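Novice: Numbering of the sequence shown is given in the numbering used here, commencing with residue 9 and proceeding in unit increments.
Below you'll find the structure I mean.
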Amino acid sequence: LHSCQKYGANLDERVALIQATLDTLQEAKKEVDALEAKLKTALHPIRTVPNEVLGEIFSALVEASPAPSFQDLQDGNFVDSLNMVSPVWVVSQVSSRWRETALATSRLWTRVSLSFQA
């Protein structure tokens, strides 16, 4: 009985050691996964697109958004330019580089729609 208990205790120690090793490896895996995600973001092709091209893309996006008609303006059926879902605001909130590019692209700011309804 004593040798069986001793063997069981030895197995418990080995299991605890293996569990500690497994915990350490799982934590290291999480860190590697986080680093991989950061590197993928840093190396994403959109980061290599020149600001001038981004500005053109942003302009095309805004121009593709229909201008409100007179009836839309009367009925309030349009996206207010100050509304944060307006395309120009959406692209300017992605990153500081995109915000700087959006602010520097004057064509994004040539059409402004405001609602003065309470």
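We put the CB at the ideal spot given by N, CA and C, even for glycine.
What you are looking at is a predicted structure, and each value in this text was computed from that prediction instead of being measured.
Applying the 10 Å Cβ sphere with the 16-neighbour rule, what's the burial state of alanine 72?
Specialist: Start at 1 with the first residue of the sequence shown, and residue 72 comes out as number 64. The residue is exposed, with fewer than 16 neighbouring Cβ atoms inside 10 Å.
Novice: Hey, is the segment 41 to 53 in contact with the segment 102 to 121, meaning 3+ C-beta pairs nearer than 8 Å?
Specialist: Short answer: they don't touch.
Novice: Would the beta-carbon of serine 67 fall within 9 Å of that of arginine 107?
Specialist: In the sequence shown, residue 67 corresponds to position 59, counting from 1. In the sequence shown, residue 107 corresponds to position 99, counting from 1. No. Outside cutoff.
Novice: Go ahead and pull the three-state DSSP assignment for glutamine 34.
Specialist: As a working note, residue 34 is residue 26 in the sequence shown. The answer is helix: DSSP assigns glutamine 34 an H, G or I state.
Novice: By Cβ distance, which residues of its chain are closer than 8 Å to valine 23, with the 5 residues on each side in sequence left out?
Specialist: Sequence index remark: in the sequence shown, residue 23 carries index 15 (1-based). There are no such residues.
Novice: Can you give me the Cβ contacts of valine 99 inside the same chain, cut-off strictly under 6 Å, excluding the 5 residues immediately before and after it?
Specialist: For the purposes of this step, residue 99 is taken as residue 91 along the sequence shown, with counting starting at 1. Cβ neighbours of valine 99 beyond the five flanking positions: Phe66, Trp106, Ala110.
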